[in-house]
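For reference, the structure is listed below as structure tokens.
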Amino acid sequence: MAVAGAPSRYDCIVIGGGHNGLVCAATLARGGRSVLVLEAGAQVGGAALTREFAPGFRVSAGAHLLHLMPAQLLRELQLGAHGLEWAAEGMPTTALLAGGAPLTLSDEGAASGLSAADSQAYSLYKMRMRRFAAALAPVLSRVPPRLGTGDWADRLALLRIGWQVRKLGRRDMRELLRIGGMNVFDLLEENFDSAALKGALGFDAILGANFGPRSPGTVLTLLYRLAAECAAGDLGLSQPKGGMGALCNALAKAASAAGAMIRTGAPVASILVEGDCAAGVTLESGERISARCVVSSADPKTTFLRLLGPRHLDAGFVRRVNHIRSRGLAAKLHLALNRAPSFSGVSEANLCGRLLIAPSLQHIEHAYNHAKYGEFSAAPVMEITVPTVNDPTLAPPGQHVLSAIVQYAPYALKDGWQSGRSRFMDTALDALERLAPGIRGCLVGAELLTPHDMEQEFRINGGHWHHGDLAFDQFLMVRPVPGAAQYRTPLEGLFLCGAGCHPGGGVMGIAGRNAAQQVLKMSSKSP
Amino acid sequence: MTESLAPHFKQPLLKTPFHERARALSQLDSFIPWAGYTTVDVFTTMEQEYFAIRNATTLYDLTPMVKYRVAGPDALPYLNRLVTRDIAKLKADRVTYCVWCNDAGHLIDDGTIFRMGEGEYRICTAERRLDWLLDSAIGFDIEIGEVTEQVAALAVQGPTSCAVLKAAGLRGIDKLKPFEIGYFALGTHRLTVSRTGFTGDLGYELWMEPEAAEAVWDALMEAGRSRGIRAVGSQALNVARIEAGFLLPNVDFVSAEHTIRTGRDRSPLELGLGWLVDFNKGHFTGRRALLTERAQGSRRQLVGLDVGGNKPAHNSLLYADDSGKRYIGSITSATWSPTCKRNIALAMVDAPHFRIGSTVWAEIYLNRELVWERRMSRAQVVERPFFAPDRRRATPPAEF
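Line order of the protein sequences matches chains A and B. FYI, the numbering for the first sequence is 85 to 611, going by our numbering. FYI, the numbering for the second sequence is 2 to 401, going by our numbering.
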């Protein structure tokens, strides 16, 4: 059913109302385009939404921390004015240790409970990684250059990347080049003694990724995360009031205020092609909506292989898309608790931050080993938040929500998730029980989202919340694949704006903004 | 166990079902490898075999030609996305010559597509390309399988070939039109016959079960005895195909999947195969790149050359003038054409020298009793094919 007063043909249709889709829509609308956002779900948000998972208990069902969205973008879209408030900012990280005092790392780089040598090494390490991150940060914000075009703008962009690195100075540049191809296990082994510190620092290199700490290229993935944090203006680990959904609601308001139309419950079935140009979409209901261009925030496989279809694309391109590594390896665990969980040794103040179960690099590597063979480990790694500590509105008074990312949960579990689900849940609860004795007793509800569930709920092929591994061969000008790495696609009038594009996943919004800028540059307004 | 599953270290080259017959006739023992099979290069002399192609009937074993079966509900859309030609226009029991390109619009290979039945096609090509065919199948409901070993193939080519086949008992063969497929019986054996070939002459290609191969060979030899039938090898065929203007992979172009150096891939427009590209049929792999090339104009083109003198200009470099200073291309195939009595060649020539009627200069090296001489021969860009007799299309063909 068409919306009354809607134009017969939009300048742009944005597929997907996740954060990138909404940022893109808002930017396009501010650029004077008539925009329609089509969201399949009942509410906007995509994998950054807040929803109920047990009666009275709400949780950020996908991403649960905000630390990568550039402050400039937040200002530009006036999200504050559109209702975005913070429940917590600059949240600390606490590494939980069985039978020992936990290790807390503050956002500023201080750490408690380390030896003098580790303390000193930690502050040096932190400063050095910050310098590297600062050098790489501008690369993340820009549209990546194309390779082999001979175009001066592409060459300049490549030179700029080189210059960013060269500008570090001889010592730092050499160090960056030395560690750039290393694995995070070796890097941390070089620097520190404390197994707990190494585990906590190494965790960020493998979070949401198809890697263990010993996998090649994990230093780069770590630097990438740090650079993204740097590009975000060092927002720090933050929690929006009302969960991640509140961010997307504010984004939706910003987009609407700029003139974009948003329709929820409108899943797109296919992208219409006329005369070898994207010409609109067909909804699953059969409704056809035409547009001068289509911008998809869906993952590249969904966009190209399902919505557009291989027959509108060249075979080599389809082969590349088909080979994007996009199988999720992270599960999401949501617990409804009738009281605050008490993790041994964790103070009330630190319960507001994020808690890690990654006691050592070996522990993480062992957990990953199982995943390689389609199994899961009896000792998983986790990133835990208790969002209700900072934001009691998410649960009934006095009760709490625990939200955890649990790794590794292989998409293609050997025995299948039908039978694996309850075993995995038990494994995760056992791991929590060891560190927070009595937590099972406070359970009033629980939900586990496997990569398969995320594939269903968030409509991401493979259930990978970055829409594809963030790895050396899927970065920059090869993300998602050559030929579509600058938000344009081989089909005229079809653009990508999701996490599958540079700079990738995490609730960043840069892909959405960059894509919108490309669209504004390349397509004309309706007369 | 089929032969190909036999341990290859013991038998690096396979034998075709016609091998024993070919070996018996081979006077020079001159065999060459082709697509994993050992095949005859020359039986007696190249000239004798060539003249049999143009004056009588010849048998050429083309079993090593790689054959794929494509079937399923999406077979037609699949093929139309794969090749540059509109396969929707290919009627039942017909064959068409096609090329297929990569994303950049550069040739991966050429070959023929046979429409065998409802939703079933056969692709015949010189080299194995299953990887590309499978990659192209992503998102299409089809089955692809290689059937090279299940199908023995024999080319029967030459002006008396129809008469020979008729004498062998293929009733109604004279009604088969060019590029048409017919089904016949020879004794107890079933034959699929297509009026196709690589000689540019009247001719047929016979497709059969490997078990039928020797019996069919023998029957044709017997029926053709009074019509000058002769087995021919690849050398003689090569002369005939140059006269016919046909391209040979790895000689006149290198598959884009195999080139290493940039600029060595060739588009169908560059190869003078623009007539095979249908921009109006919908999307196919390479279409967008070829549209761009068409708009900008090709930088080089494969053309036919009529070269002065009688020395074949094998591998010659081409120049804009006889000073030999401005390099503008090179020759890919060359031969003295015994039928045309012309010194002909296929050459890749840079713009703008590829226009019909242009003059280019070929640098030919002659070995005169171990003393090399260099000769600059004037060559003219001419229309292809060099030799195209009416009999290749005549239906029914002439009686002999």
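Every residue gets a Cβ at the ideal spot worked out from N, C-alpha and C, and that includes glycine. All values derive from a computational prediction rather than experimental measurement.
Determine whether the Cβ of residue i lies closer than 8 Å to any Cβ atom of chain A.
i: D322(B); result: no
i: I332(B); result: no
i: N103(B); result: yes
i: R228(B); result: no
i: D279(B); result: no
i: I365(B); result: no
i: R385(B); result: no
i: G140(B); result: yes
i: S256(B); result: no
i: T126(B); result: no
i: T286(B); result: yes
i: P74(B); result: no
Need the endpoints of the alpha helix (DSSP H) that residue i sits in, please.
i: N104(A); result: 103-114
i: S137(B); result: 131-137
i: S340(A); result: 328-341
i: H20(B); result: 20-26
i: M257(A); result: 254-264
i: A179(A); result: Taken as a continuous stretch (DSSP letters only), A179(A) belongs to no alpha helix (DSSP H), being part of the beta strand (DSSP E) at 177-179.
i: A507(A); result: Reading off the sequence, residue 507(A) comes out as Arg, not Ala. Segment 501-519, the alpha helix (DSSP H) holding R507(A).
i: E274(A); result: 268-275
Using a 10 Å radius around the Cβ and a threshold of 16 neighbouring Cβ atoms, would you call residue i buried or exposed?
i: P464(A); result: buried
i: N281(B); result: exposed
i: A635(A); result: No answer is possible for residue 635(A): the residues shown for chain A start at 85 and end at 611.
i: S324(B); result: exposed
i: G590(A); result: buried
i: V107(A); result: buried
i: P139(A); result: exposed
i: N311(B); result: exposed
i: W373(B); result: exposed
i: T477(A); result: exposed
i: N251(B); result: exposed
From what residue to what residue does the beta strand (DSSP E) around residue i run?
i: G529(A); result: 527-533
i: H418(A); result: 414-421
i: E294(B); result: It is not in any beta strand (DSSP E) - E294(B) instead sits in the alpha helix (DSSP H) that spans 288-297.
i: I346(A); result: 345-347
i: A154(B); result: 153-158
i: S338(B); result: 328-338
Quick one: is residue i near chain B, going by C-beta distance under 8 Å?
i: F295(A); result: no
i: H396(A); result: yes
i: V402(A); result: yes
i: L389(A); result: yes
i: E531(A); result: no
i: A462(A); result: no
i: N406(A); result: yes
i: A569(A); result: no
i: P564(A); result: no
Pull up the DSSP beta-bridge partners for residue i, would you.
i: H190(B); result: L187(B)
i: N368(B); result: W373(B)
i: Y69(B); result: I124(B), E147(B)
i: H484(A); result: L421(A)
i: P250(B); result: F254(B)
Are at least three pairs of beta-carbons, each pair with one atom in the segment 85-97 of chain B and one in the segment 43-51 of chain B, less than 8 Å apart?
By the criterion of at least three beta-carbon pairs nearer than 8 Å, the segment 85-97 of chain B is not in contact with the segment 43-51 of chain B.
Using 8 Å as the threshold, is the segment 502-516 of chain A in touch with the segment 391-400 of chain A, meaning 3 or more CB pairs across them?
No, they do not touch.
With three or more beta-carbon pairs closer than 8 Å as the criterion, would you say the segment 93-106 of chain B touches the segment 281-297 of chain B?
Contact holds between the segment 93-106 of chain B and the segment 281-297 of chain B, because three or more Cβ pairs, one in each stretch, are under 8 Å apart.
Check whether the segment 91-104 of chain A and the segment 581-589 of chain A are in contact - that is, three or more C-beta pairs closer than 8 Å.
Yes: the two stretches touch, three or more of their Cβ pairs being nearer than 8 Å.
Three or more C-beta pairs closer than 8 Å, one from the segment 592-603 of chain A and one from the segment 13-23 of chain B: is that the case here?
Below 8 Å, too few C-beta pairs join the segment 592-603 of chain A and the segment 13-23 of chain B to call them touching: fewer than three.
Tell me whether the segment 296-304 of chain B and the segment 406-425 of chain A touch, counting them as touching only if at least three CB pairs, one residue from each stretch, are closer than 8 Å.
No, the segment 296-304 of chain B does not touch the segment 406-425 of chain A.
The segment 192-212 of chain A contacting the segment 342-349 of chain A, beta-carbon criterion three pairs below 8 Å:
Verdict: no, contact absent.
For the 8 Å Cβ check, are there 3 or more pairs between the segment 520-529 of chain A and the segment 440-447 of chain A?
No: the two stretches stay apart, fewer than three of their Cβ pairs being nearer than 8 Å.
Is it a yes or a no for the segment 210-229 of chain B touching the segment 175-189 of chain B, going by three-plus beta-carbon pairs under 8 Å?
Yes, the segment 210-229 of chain B is in contact with the segment 175-189 of chain B.
The segment 198-215 of chain B contacting the segment 149-160 of chain B, beta-carbon criterion three pairs below 8 Å:
The segment 198-215 of chain B vs the segment 149-160 of chain B: in contact.
I want to know whether the segment 241-249 of chain A touches the segment 323-335 of chain A - three or more CB-CB distances under 8 Å.
Between the segment 241-249 of chain A and the segment 323-335 of chain A, the count of C-beta pairs closer than 8 Å stays below three; the two stretches do not touch.
Three or more C-beta pairs under 8 Å: does that hold for the segment 114-128 of chain B against the segment 161-172 of chain B?
With a cut-off of 8 Å, the segment 161-172 of chain B and the segment 114-128 of chain B do not count as touching, because too few Cβ pairs lie within range.
Stretch-stretch touch, CB-based, cutoff 8 Å, three pairs: the segment 21-30 of chain B with the segment 138-154 of chain A:
Segments in contact, no.
What are the residues in the segment 131-156 of chain B lying within 8 Å of chain D by C-beta distance?
Note that chain D does not occur in the displayed structure, where the protein chains are A and B.
Three or more beta-carbon pairs under 8 Å between the segment 543-550 of chain A and the segment 559-573 of chain A, yes or no?
Flag = no, the segment 543-550 of chain A and the segment 559-573 of chain A do not touch.
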